[in-house]
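This report concerns only the one structure given below.
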Amino acid sequence: MQDANNDESYQPLGFPVMCGSFETVRYLMDGQQLRPGAWVDGQTVYGDFTFSGRKWATFTRPVFAYLAYVDTQLRHPGTDQTPNVSSAQGHELWFFKGAEKDYAVSPAIDVVNTHSELMTGFSDKQAWARVKARQHTFLLPSSTTYSIYQMHLVYAHCVVGAADAVGSLFSLSRRFVGRSDGRADLYFLSSVATSQLGACATDQQLLEPLSRESLMKTILIDGHSPGINTGVWSLDLDARDNLRKQY
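Sequential numbering from 66 applies to the sequence shown in the numbering used here.
Below, the structure written as structure tokens:
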């Protein structure tokens, strides 16, 4: 990914590039002004994803962060300022149509966040487990109607040589065949829910969340050219030979 130099005026495909959790959270949840998404610069790691009982070598890196709608709360004067909300916790493959038993990934993959200075707010086992609902309280500052959003981190994955064997498990993914070796790689996206929640008063801001379909196109189609491994983001293929970036 190109160097953003902390310059929000550099916005490839309409989104700025952030580095690390501090910058990303500050941009998406700046006071009462919430923003729908941003590119995330980060490091590539190399390890295994298991599909249908077989391990496949996979490159993984963070590429994007976005806000997902959680709930709308109306707080009347004199009522509890900390209503119960249900947000997400865990990891989810995008557009995966296989059964739960058809894939697995080790929580050790969280090394990708360590190298990229990203924090989910959960342990690695919690962050990379199957996504589930999480009940908790959320502080609202005053009496009005609020929309609550949660920050999710998006990861791009390249499963080496797996497009023909694994591609049918996804309703949306990207297949790339190398010209020199004819190898068919599979590209797909996944996301991890973070503990970061933000709220905006509905009479001050109406935030339209980004759909997964639009993000899929922006990130995997418009944002990356697998043939030359470049674009808004790219994979560091040297991670395969770097023990620090393996899991």
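Using N, Cα and C, we set each Cβ at its ideal position, and we do this for glycine too. As the structure is a prediction and not an experimental result, all values here were calculated from the model.
If you draw a straight line from the alpha carbon of Ser86 to that of Leu183, how long is it in whole angstroms? Between the C-alpha atoms of Ser86 and Leu183 there is a straight-line separation of about 5 Å.
Leaving aside the five residues before and after Ala169 along the sequence, list all residues of the same chain whose C-beta is less than 6 Å from its C-beta, in chain order. Closer than 6 Å at Cβ, skipping near neighbours: Thr115.
Could you give the uninterrupted runs of the beta strand (DSSP E) lying entirely in the region 176 to 216, keeping only those of 3 residues or more? DSSP runs (the beta strand (DSSP E)) wholly in the region 176 to 216: 197 to 202.
Name the one or two DSSP bridge partners that Asn149 has. For Asn149, which the question treats as bridged, DSSP gives the partners Thr202.
So, with DSSP's three-state summary, where would you put Lys120? DSSP, reduced to helix, strand and coil, places Lys120 within a strand of the structure shown.
When you compare only the Cα positions, how much space is there between Arg126 and Ser299? The alpha-carbon separation between Arg126 and Ser299 amounts to approximately 9 Å.
Unbroken alpha helix (DSSP H) runs of length 4 or more, entirely within the region 220 to 302: which are they? Those alpha helix (DSSP H) runs which fall completely within the region 220 to 302 and span 4+ residues are 228 to 231, 277 to 281.
Any idea if Gly292 is buried or exposed, counting beta-carbon neighbours within 10 angstroms, 16 or more meaning buried? Under this definition Gly292 is an exposed residue.
Residue environment, Ser117, which counts as buried when at least 16 other CB atoms sit within 10 Å: Around the Cβ of Ser117, a 10 Å sphere holds fewer than 16 other Cβ atoms; the residue is exposed.
Nearest to Glu157 by alpha carbon, out of Val150, Asn149, Pro172, Gln146? The residue with the shortest Cα to Cα distance from Glu157 is Pro172.
Sequence-distant residues of its chain with Cβ nearer than 7 Å to Lys313 (five each side left out): Because the chain spans 66 through 312 in this model, residue 313 falls outside it and cannot be assessed.
Helix, strand or coil for Pro127? Go by DSSP, reduced to three states. Note: Pro127 maps to strand in three-state DSSP.
From Arg240 to His289, what distance separates their C-alpha atoms? The alpha-carbon separation between Arg240 and His289 amounts to approximately 13 Å.
Say yes only if the C-beta of Arg309 is nearer than 7 Å to one or more non-hydrogen atoms of the ligand ADP, and no if none qualify. Within the structure as shown, the ligand ADP is missing, as the structure has no ligands at all.
DSSP has Phe87 in a bridge; who is on the other side? Answer by DSSP bridge pairing: none, since Phe87 is not bridged.
If we count the other Cβ atoms within 10 Å of its Cβ and call it buried at 16 or more, is Asp68 buried or exposed? Legend: pLDDT at Asp68 = 43, less than 50; position of this residue unreliable, no value from coordinates given.
Going by C-alpha distance, which of Ala153, Ser181, Phe235 is nearest Ala164? If you compare the alpha carbons of Ala153, Ser181, Phe235 with that of Ala164, the shortest gap goes to Phe235.
Excluding five sequence neighbours on each side, which residues of the same chain lie with their C-beta closer than 6 Å to the C-beta of Val176? Excluding residues within five positions, the ones whose Cβ falls inside 6 Å are Val110, Tyr312.
Could you tell me whether the Cβ atoms of Val225 and Tyr131 are closer together than 8 Å? The criterion of a C-beta distance shorter than 8 Å is not satisfied by Val225 and Tyr131.
Mind reading off the beta-carbon distance from Phe203 to Leu262? Whole number of angstroms is fine, and I expect it under 8 Å. Contact between Phe203 and Leu262 holds: CB atoms are separated by about 6 Å, below the 8 Å threshold.
Cutoff 7 Å; reference Leu78; Cβ partners in own chain excluding five residues on either side: Closer than 7 Å at the Cβ level, and outside the excluded window around Leu78, lie Thr283, Asp287, Gly288, Val297.
Could you tell me the boundaries of the beta strand (DSSP E) in which Trp104 lies? Boundaries of the beta strand (DSSP E) harbouring Trp104: 102 to 106, taken from the DSSP string.
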